[in-house]
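Sequential numbering of the sequence shown, starting at 162, is according to our numbering.
These notes are about the structure you will find just below.
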Amino acid sequence: MRPVVVFMGLIACLLSSEAHAAGTRASRSESEGTSKTVVRGKSVGSPNEGRLEGGRKLEPSKTVRAVGGHRWGVPSLVGMLERSAARVAKKFSGSVLTVGDLSRKGGGDVEGHRSHESGRDADVGFYLKKGQKPWVAPRFATIDEEGKAEGLPSVRFDDARNWALIEAWLTDRDASVLQIFVAQHIKLRLLAEARRSGASPELQNRAAMTMIQPSRGLPHDNHFHVRVACPKSSGDCIEYGTRETKKKPTAQKNGRGNDQRRAATTRRKLPKKS
Numbered sequence: 162m163r164p165v166v167v168f169m170g171l172i173a174c175l176l177s178s179e180a181h182a183a184g185t186r187a188s189r190s191e192s193e194g195t196s197k198t199v200v201r202g203k204s205v206g207s208p209n210e211g212r213l214e215g216g217r218k219l220e221p222s223k224t225v226r227a228v229g230g231h232r233w234g235v236p237s238l239v240g241m242l243e244r245s246a247a248r249v250a251k252k253f254s255g256s257v258l259t260v261g262d263l264s265r266k267g268g269g270d271v272e273g274h275r276s277h278e279s280g281r282d283a284d285v286g287f288y289l290k291k292g293q294k295p296w297v298a299p300r301f302a303t304i305d306e307e308g309k310a311e312g313l314p315s316v317r318f319d320d321a322r323n324w325a326l327i328e329a330w331l332t333d334r335d336a337s338v339l340q341i342f343v344a345q346h347i348k349l350r351l352l353a354e355a356r357r358s359g360a361s362p363e364l365q366n367r368a369a370m371t372m373i374q375p376s377r378g379l380p381h382d383n384h385f386h387v388r389v390a391c392p393k394s395s396g397d398c399i400e401y402g403t404r405e406t407k408k409k410p411t412a413q414k415n416g417r418g419n420d421q422r423r424a425a426t427t428r429r430k431l432p433k434k435s
C-alpha cells in the first residue's frame, strides 16, 4: 500500500511543478506581450488643423518610389499605399508607384500645403506609359483631356493601372478612403475604365462619389491627393477640413494640379514637397 501512496505523491508533485512552470511562462508571456504592444498611430484634429502621434514612415521598395520630403502617416494610410502598389505591380509587371508628401513625423504645418497635417493625406503620382510599356516619370506629369502627358512626347496616362490603383484603395482591407482629389477629366477617364473592366456598379458608384475635383485651388491634374478616414483609435480626429485659423500658402496663378503651390509641372522636376 505504501508504494502506491508514494507513487501518487510523486505524481501530485510533478503536476504541481508543471502548473507552476506554466503559470510562470504565462506571466512572462503576458509581460512580454505588454512590452511589445504596438501603438496605433493617432490622427488628432483635422487635415488642415491637426497633428500626428505615433505614425509610420513610408519607405521606398520595389513597388514604391517615395520622393516626398515628408513621409509619415497613420498606419492605415501607409499600409494602404504599400498594399495598393504591390497589388498593381502583381497585376501589371514593372509597376512602380510614385508617392510625394504625406505628413511630418509629428504632423502640423507642411510648407506649401493646405492640409497634410494629421497623417491622413498623401500625394500620389499617376501611373504612366510610353507606348505600351510602363514608364516612371521623373516628376509629376500634367495630363490633358486626351490623356497625354504635357511636355513628355509619347507618354500617356495609363487608364488600366490607375483604375487598378483606385480599386485597390477603395477595397483596402484596413484603410477607409474618404476622398480622392483629382481633376474632373481624369475622373471621367477612370470611371470609363471602370466600366470597361467590369467593375461592379457599387464600386463604380463609390469611385464616382469619392473622386472629387477641388472646388477651389488647383485642379489636381498631375497627381492624386488621397485622404483616408479617421482611424478608430483616434477619438480626437476630425474627418474633414475645418475653418482655417492660420494663413496658408497661396496658389500660383499659373500653377497646376498639386498641393504644394510651387509644385511639379511638366517643366519642373518632381519636388521634395508636394
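Positions of the beta carbon are idealized from the N, C-alpha and C atoms, including for glycine.
- Sorted by chain position, which residues of the same chain lie with C-beta nearer than 8 Å to R186's C-beta, five sequence neighbours on each side aside? Because the pLDDT at R186 is just 44, under 50, the model does not fix this residue reliably, and the value given afterwards should be weighed accordingly. So no residue of the chain qualifies.
- Message: Taking a contact to mean a Cβ-Cβ separation below 9 Å, would you say M241 touches D320 in this structure?
- Response: no
- Query: Looking at C-beta atoms only, is the number of pairs between the region 237-251 and the region 322-331 that lie closer than 8 Å three or more?
  - Reply: yes
- Where do the ends of the beta strand (DSSP E) carrying S207 lie? K203 to S207
- Just the Cα atoms here: how many angstroms apart are K203 and C391? 9 Å
- A227 (DSSP reduced to helix, strand or coil): strand
- Query: Under the three-state reduction of DSSP, which class applies to S276: helix, strand or coil?
  - Reply: coil
- alpha helix (DSSP H) containing Q340: first to last residue? Per DSSP, Q340 belongs to no alpha helix (DSSP H); it is in the beta strand (DSSP E), V338 to F342.
- Message: Would D284 and G269 be called neighbours here (beta carbons separated by less than 9 Å)?
- Response: no
- According to DSSP, which residues form a beta bridge with E214? K203
- Query: Shortest alpha-carbon distance to S452 belongs to which of K291, R322, I347 and E311?
  - Reply: This structure leaves residue 452 out entirely; the chain is present only between 162 and 435.
- Since P236 is in the alpha helix (DSSP H), which residue starts that stretch and which ends it? P236 to K252
- Are the CB atoms of H381 and F342 nearer to each other than 9 Å? yes
- Put I347 into one of helix, strand or coil per three-state DSSP. helix
- Along the chain, where does the beta strand (DSSP E) that runs through P295 open and close? K294 to W296
- Item | Helix, strand or coil at K309 [DSSP, three-state] | strand
- Query: Around the Cβ of R428, are there at least 16 other Cβ atoms within 10 angstroms (buried) or fewer (exposed)?
  - Reply: Residue placement at R428 is flagged as unreliable, the pLDDT there being 32, under the threshold of 50; a coordinate-derived value is accordingly withheld.
- According to DSSP, is A283 helix, strand or coil? strand
- Query: In terms of residues, what are the limits of the beta strand (DSSP E) holding T371?
  - Reply: Where T371 is concerned, there is no enclosing beta strand (DSSP E), although the alpha helix (DSSP H) it sits in stretches over P362 to T371.
- Which residues mark the beginning and the end of the alpha helix (DSSP H) in which R322 is found? D320 to L331
- Between the beta-carbon of N366 and the beta-carbon of A302, is there less than 9 Å? no
- Message: Quick test of the definition: if touching needs 3 or more C-beta pairs under 8 Å, does the region 217-231 touch the region 369-379?
- Response: no
- Query: Who does S264 pair with in a DSSP beta bridge?
  - Reply: W233
- Item | Reference L213, options T224, K223 and P236, closest by Cα | P236
- Task: State yes or no: is the C-beta of R377 within less than 9 Å of the C-beta of S276?
- Result: no
- Message: Any heavy atom of the ligand ATP closer than 8 Å to the beta-carbon of G215?
- Response: As presented, the structure is devoid of all ligands, the ligand ATP included, so that no description of it is given.
- Among S254, G267 and L331, which residue has its Cα nearest to the Cα of Q293? S254
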